[in-house]
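To keep things clear, I will list the structure first and then write my remarks on it.
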Amino acid sequence: MVTGNRERRPPMISKKLKTPSNLEELKEEFFEVFRAYQKACDQVEVDIAKISGRARIKEIQKHKRFGSLTYRREVKAYEDFLEKINSLPKKTQDEFWSLIGI
Numbered sequence: 001m002v003t004g005n006r007e008r009r010p011p012m013i014s015k016k017l018k019t020p021s022n023l024e025e026l027k028e029e030f031f032e033v034f035r036a037y038q039k040a041c042d043q044v045e046v047d048i049a050k051i052s053g054r055a056r057i058k059e060i061q062k063h064k065r066f067g068s069l070t071y072r073r074e075v076k077a078y079e080d081f082l083e084k085i086n087s088l089p090k091k092t093q094d095e096f097w098s099l100i101g102i
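Our numbering puts the sequence shown at residues 1 to 102.
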């Protein structure tokens, strides 16, 4: 039997975000995630625009089913961030969205 110090666990990710400084940090994180998501979406449009005719239709269908790795990763990050926002108390959510201007 081993006794002694256990490995320290990393802090919990879901902190209560009620202070204005935390809302500001959350705002910055939102814009960072959203910019990456938007860039991935724009790149997909450019890639598909390069293809013409029937191949373009097939590429669009393929992308809808699978998507590129970068696109899927950015979409997942964006969805995770929105889930993080939705897990906050309603009042804090309202403060966050009003801070962003939505």
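From the three backbone atoms N, C-alpha and C, an ideal C-beta is built for every residue, glycine too.
Query: Of the listed residues A40, E83, D94, nearest to R72 (C-alpha basis); Result: A40
Query: Sub-8 Å separation of L99 and L23 beta-carbons; Result: yes
Query: Y37 versus T92: straight-line alpha-carbon distance, rounded; Result: 24 Å
Query: L82 (DSSP reduced to helix, strand or coil); Result: helix
Query: Cβ-based neighbour list, A77, same chain, cut-off 8 Å, excluding 5 preceding and 5 following; Result: V33, A36, Y37
Query: Run of the alpha helix (DSSP H) containing S98, from where it starts to where it stops; Result: 90-100
Query: Where E74 falls, given that 16 or more other Cβ within 10 Å makes a residue buried; Result: buried
Query: Rounded C-alpha distance that separates L88 from F31; Result: 18 Å
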